[in-house]
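Trainee:
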Amino acid sequence: MNRMSVQAAVTMGQLQSKLDLVGHNIANVDTTGYKNRSAEFSSLLFQQVDNLNDEEANAEGRLTPDGIRLGSGAKLGSTNVNLALGSIKQTDRGLDIALLQDNQLLQVAVTENGATETRYTRDGTLYLNPTEDGQLALTTSDGNSVIGENGPIVIADGAEDVSISENGAIQVTRNGVVQNEAQLAIVEAIRPQFLESVGNNLFRLPDITDEAYVADDIIQGVAFNDIELQSGALESSNVDLATQMTEMMQTQRAYQFNSRTISMSDQMSGLINQIR
Amino acid sequence: MLRGYYTAASGMMAQQRRQDTLANNIANAQTPGYKQDQATIRAFPELLIQRMESGSTKTSSGQLNFPMQNTIGSINTGAYVQETIPDFTEGSLKETGTATDMALINGVLPDEEGGLFFTVQNGDGEERYTRNGNFTVDGEGFLTTNQGYYVLDNAGNPIETDGETFTVSEDGVLQIGEQAVPLAIGYSPNVNDMVKDDEDLFALGEDGVAIENARDNANVTFSIQQKYLENSNVDAVQAMTDMMQAYRSFETNQKVLQAYDQSMDKAVNQIARLT
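Just so you know, the sequences run in chain order A and B.
Numbering of the first sequence is given in the working numbering, commencing with residue 1 and proceeding in unit increments.
Numbering of the second sequence is given in the working numbering, commencing with residue 1 and proceeding in unit increments.
1. Between which two residues does the beta strand (DSSP E) containing Val181(B) stretch?
2. Anyone know if the C-beta pair for Gln183(A) and Gly148(A) falls short of 7 Å?
3. Can you name the start and end residues of the alpha helix (DSSP H) that Glu251(B) belongs to?
4. Buried or exposed, going by whether 16 or more other CB atoms sit within 10 Å of the CB of Pro192(A)?
5. Does DSSP put Ser10(B) in a helix, a strand or coil?
6. Compare the Cα-Cα distances from Gly114(B) to each of Arg17(B), Leu47(B), Ile26(B), Thr221(B) and report the closest residue.
7. To be precise: take each residue of the segment 196 to 216 of chain B, compare its Cβ to all Cβ atoms of chain A, and keep it if any distance is under 8 Å. Which residues remain?
8. Does Val195(B) pass the burial test, meaning 16 or more other C-beta atoms within 10 Å, or should it be called exposed?
9. Grouping DSSP H, G and I as helix and E and B as strand, with all else coil, what is Ser56(B)?
10. Compare the C-beta of Ser78(A) against all C-beta atoms of chain B and say whether one is closer than 7 Å.
11. Quick one: any contact between the segment 76 to 84 of chain B and the segment 111 to 129 of chain B, if contact means 3 or more CB pairs under 8 Å?
12. Apart from the five residues on each side of it in sequence, which residues of its chain come closer than 6 Å, Cβ to Cβ, to Arg204(A)?
13. The beta strand (DSSP E) that contains Ser188(B), what's its start and end?
14. What runs of the alpha helix (DSSP H), each 4 residues or longer, lie entirely inside the segment 74 to 152 of chain A?
15. Give the secondary structure of Ala155(B) by DSSP, where H, G and I count as helix, E and B as strand, and everything else as coil.
16. Counting Cβ pairs, one atom from each stretch, are 3 or more of them under 8 Å apart for the segment 240 to 250 of chain B and the segment 246 to 264 of chain A?
17. Consider the Cβ of Arg122(A): report whether some Cβ of chain B lies at a distance smaller than 7 Å.
18. Quick check on the burial criterion: 16 or more other C-beta atoms within 10 angstroms. Buried or exposed for Gln107(A)?
19. Let me know the secondary structure DSSP gives Gly139(B) once reduced to three states.
20. Would you decide whether Arg93(A) is buried or exposed? Buried here means 16 or more other CB atoms lie within 10 Å of its CB.
21. Provide the residue span of the beta strand (DSSP E) that contains Ala43(B), from first to last.
22. Is the beta carbon of Gln135(A) closer than 7 Å to that of Ala156(A)?
23. Tell me which residues share the same chain as Gly107(B) and place their Cβ nearer than 8 Å to its Cβ, disregarding the 5 neighbours each side in the sequence.
24. Is the beta carbon of Lys35(A) sitting closer than 7 Å to the one on Leu234(A)?
25. Under the rule that 16 or more other beta-carbon atoms within 10 Å means buried, what is Pro67(B), buried or exposed?
26. Return the chain-ordered ranges of every alpha helix (DSSP H) run that is complete within the segment 194 to 250 of chain A and spans a minimum of 4 residues.
27. For a contact meaning CB atoms closer than 7 Å, what does Ile85(B) contact in chain A?
28. In whole angstroms, what separates the C-alpha of Gln250(A) from that of Lys18(A)?
29. So the alpha helix (DSSP H) Lys227(B) belongs to, where does it begin and stop?
30. What residues of chain A sit near Ala29(B), judged by a beta carbon separation below 7 Å?
31. At which residues does the beta strand (DSSP E) containing Arg174(A) begin and terminate?
32. Nearest chain B C-beta to Leu70(A) closer than 7 Å, yes or no?
33. Ends of the beta strand (DSSP E) at Val22(A)?
34. Restricting to Cα atoms, I'd like to know which of Ser78(A), Thr111(A), Ser72(A), Glu117(A) is closest to Arg37(A).
35. Can you grab the Cα-Cα spacing for the pair Thr140(A) / Asn113(A), in whole Å?
36. Got a sec, what are the start and stop residues for the beta strand (DSSP E) Thr31(B) sits in?
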């Protein structure tokens, strides 16, 4: 009897996860450099039931091979990141940069629990933060240092203006003279599906000890000439709100359909109980 | 004996089975490439009932008694779900924008019951077939289904995408860097020979017509749309209506069962009543 309600209950749980995913996408519709995630369903196990063994019962009028096959609901398949470029939003703020090539990422040094790790982001909202020794560090909005060719980018005191060129060179004006003082170390994700989201708009390399790849196969440095960025602009999230709303409504309706299945199954149990 | 007792019960069981199939269809209304199942209900084989009585005839030495059998007619003793038949009609297309998503679109098929499938390899290394083109790239760079089963190329080998972005042409050829890899597309002349296996896969049933390579058959045409998925062909409204119908039928059978019980009640409590 319970097959029906189990099928529906299992599927409802998975539909809930899909709603979570859609909810997360909608929440990040305004997050700079956010990449939309999508998930599709997949059917679960099929069970072969040998309904009748009698030859005569099965011989006539059958279209399919013997027995009947009953499914057991649906589950979410893998979640895929959509890496399409978001739209570019002009901000006219000197330290805002938008990476124009797909899969290129900024490197950021993040210190967590005393350990420093390199993480990656497409969020180009950069700031200058004074350090203890009177210099200025180029950081993200969370205060994590942006990594350049020679480690975290630090600008010596006395700068009048700081801007970033199309190739990622940090141009500093001192006494009216513009000079390249540092170079952003941009990397490219060769296998972007591998990157793990760690919150705060950052990605990191997952534990790849069991995989066939080494870190260089996933992330590679980009040559100076191949960097293409626009300063004074930011990359918007690539979440399409209309699509997400449609997905949400559809998922919710599917949830309702499945809950109807459960109440129907429950009423059928009620009928059985009424027999006596 | 009241034969109808079990007839009513079997009717309830059959409707229950039908509900299981419908519930699974509804659960998979969002599964790409899912083919809805239809439960067919069939009457149990007919039984011929005969009356057994003894006849007698006068003979010179008195009376001879002999057994006699008269045919009364046939009776059906209920119904059961004979088979669940997948309906292979194509689902509508949906654009996803994901490069690893593919929709297989049937072109001209020489057989009325013919069907096309992506060919994949399951965990045991056996060939399986699927209509769900929601693929992904695994940890080693191979193109796989959502469950990690390898998608096969025309030569029967897993497809190494090397994590690179690829494009798929309309005739199903993956352009990976400099390499052109044609997808293996299976053609089944009779889709009813296909049996649903786990996780969106179909297997060839016993004694089924072998799956051909669709590219080797000049009469078969198909096309592949990258960044699209084929929707499930479940019509949720139809499925819900069928469910209500099955429910009512279940209810009616329950009422019949109760009516039989009332007859039984009379037999037990009234026939033997003395006062």
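Every residue, glycine too, gets a C-beta built ideally from N, C-alpha and C.
Note that the structure is a prediction, hence the values are computed from the model and not measured.
Mentor: Taking the geometry as given:
1. 179 to 182
2. yes
3. 236 to 269
4. Around the beta carbon of Pro192(A), 16 or more other beta carbons sit within 10 angstroms, so the residue counts as buried.
5. helix
6. Comparing Cα positions, the closest option is Thr221(B).
7. Listed by position, the residues of the segment 196 to 216 of chain B near chain A (Cβ gap below 8 Å) are Lys196, Asp197, Asp198, Glu199, Asp200, Gly205, Glu206, Asp207, Gly208.
8. Buried: at least 16 other Cβ atoms inside 10 Å.
9. Strand at Ser56(B).
10. yes
11. Short answer: they don't touch.
12. Arg119, Glu196, Val198
13. Here the beta strand (DSSP E) through Ser188(B) covers 185 to 188.
14. Whole alpha helix (DSSP H) segments, 4+ residues: zero.
15. coil
16. yes
17. no
18. buried
19. coil
20. exposed
21. 37 to 43
22. yes
23. Val220, Thr221, Phe222, Ser223
24. no
25. exposed
26. 215 to 218
27. Leu63, Thr64
28. 11 Å
29. Per DSSP, Lys227(B) belongs to no alpha helix (DSSP H) and is neither H nor E.
30. Ala254, Phe257
31. Unbroken beta strand (DSSP E) run through Arg174(A): 169 to 174.
32. Judged by the 7 Å Cβ criterion, Leu70(A) is in contact with chain B.
33. Note, Val22(A): premise wrong, no beta strand (DSSP E); alpha helix (DSSP H) at 3 to 27.
34. Ser78(A)
35. Rounded to the nearest whole angstrom, the C-alpha separation of Thr140(A) and Asn113(A) is 19 Å.
36. Here Thr31(B) belongs to no beta strand (DSSP E), and DSSP marks it neither H nor E.
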